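These protein sequence lines map, in sequence, to chains A and B.
Reminder that position 101 of the first sequence reads as 101 in the working numbering, one-by-one numbering, no gaps.
Reminder that position 86 of the second sequence reads as 1086 in the working numbering, one-by-one numbering, no gaps.
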Amino acid sequence: KNEVEQSPQNLTAQEGEFITINCSYSVGISALHWLQQHPGGGIVSLFMLSSGKKKHGRLIATINIQEKHSSLHITASHPRDSAVYICAVLKGFRRYNNNDMRFGAGTRLTVKP
Amino acid sequence: EAGVTQFPSHSVIEKGQTVTLRCDPISGHDNLYWYRRVMGKEIKFLLHFVKESKQDESGMPNNRFLAERTGGTYSTLKVQPAELEDSGVYFCASSQGTGVEQYFGPGTRLTVT
């Protein structure tokens, strides 16, 4: 079983819809990343968070350390948001050593006009 | 500021051949990481350089893979001889320190036939 589980695996939405992607992890972490990968493209880091909530434009990321759960929300979704969204955690409690990164399998989001 | 770059973007080789992938990190980033995503699986860590030294190579699948970072700037990942199961997308990332955000390159898609 993967230490990082994402749901759903695939998500199709209509333009304008509010979208939520979930990430649960089973190990102690020092931080969690939300990454975005466009078709044929590289990976872009959207957020890195270790507590609470972060907002950037229409994107909001939250994390609950006690419940070992994070969510990525997209408000007023748009076709250009179509991409694979990947949750990744930095294992361990000490921030000095962040090579031990574990990735979820990704959520493929398609936003239709 | 230039981001992380990788070359080539796509490589198609026959089983048994050798391929060398290159990663140029963001200037000034001492930490460089190699990751791999094979078809249908999540991204997995391969190894981590701090400057020219291998900090952690526990994710390297076998001795057919050799990574170098001479001079602590760009890095190469050589696969020799390539096998069919080596097909996938190889990502490189860099960071200024540890425990901080990593910046990913566009990836190299390797196809072994």
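Even glycine gets a Cβ: it sits at the ideal position worked out from N, Cα and C.
Keep in mind the model is a prediction, meaning the values are calculated, not measured.
- In this structure, A:Ser24 is the residue among A:Ser24, A:Asn64, A:Glu15 with its C-alpha nearest to the C-alpha of A:Gln9.
- Taking 9 Å as the cut-off between beta carbons, the residues of the region 1097-1109 of chain B near chain A are Gly1097, Thr1098, Gly1099, Val1100, Glu1101, Gln1102, Tyr1103, Phe1104, Gly1105, Pro1106, Gly1107, Arg1109, in sequence order.
- A:Arg58 and B:Gly1107 have their C-alpha atoms spaced approximately 26 Å apart.
- The bridge partners DSSP lists for A:Val111 are A:Ala13.
- Fewer than three beta-carbon pairs drawn from the region 13-21 of chain A and the region 1079-1094 of chain B are found closer than 8 Å, and the two stretches are therefore not classed as touching.
- Here B:Leu1077 is near B:Leu1021, since their CB atoms are less than 8 Å apart.
- Contact between B:Phe1091 and A:Ile43 holds, with the beta-carbon distance rounding to 6 Å and staying under 8 Å.
- Leaving aside the five residues that flank A:Glu67 on each side, none in its chain has a CB nearer than 6 Å to its CB.
- Beta-bridge partners assigned by DSSP to A:Val44: A:Gln36.
- Neighbours of A:Gly104 across chain B, judged by C-beta separation under 7 Å: Glu1042.
- Chain-order list of chain A residues neighbouring B:Phe1045: Asn99, Asp100, Met101, Arg102, Phe103, by C-beta distance under 9 Å.
- Distance from A:Ile21 to A:Leu72 at the Cβ level is roughly 5 Å; contact confirmed, criterion being Cβ atoms closer than 8 Å.
- According to DSSP, residue pairing for B:Asp1024 in a beta bridge involves B:Thr1005.
- With a contact defined as Cβ atoms closer than 8 Å, B:Arg1036 and B:Leu1047 miss out at about 10 Å.
- The beta-bridge partner set that DSSP reports for A:Gln6 consists of A:Cys23.
- At least one beta carbon of chain A lies nearer than 8 Å to the beta carbon of B:Phe1091.
- The beta carbon of B:Tyr1033 is closer than 6 Å to those of His1048, Ala1093 in its chain, skipping five residues each way along the sequence.
- Residues of the region 14-27 of chain A that bring their beta carbon within less than 9 Å of a beta carbon in chain B are absent altogether.
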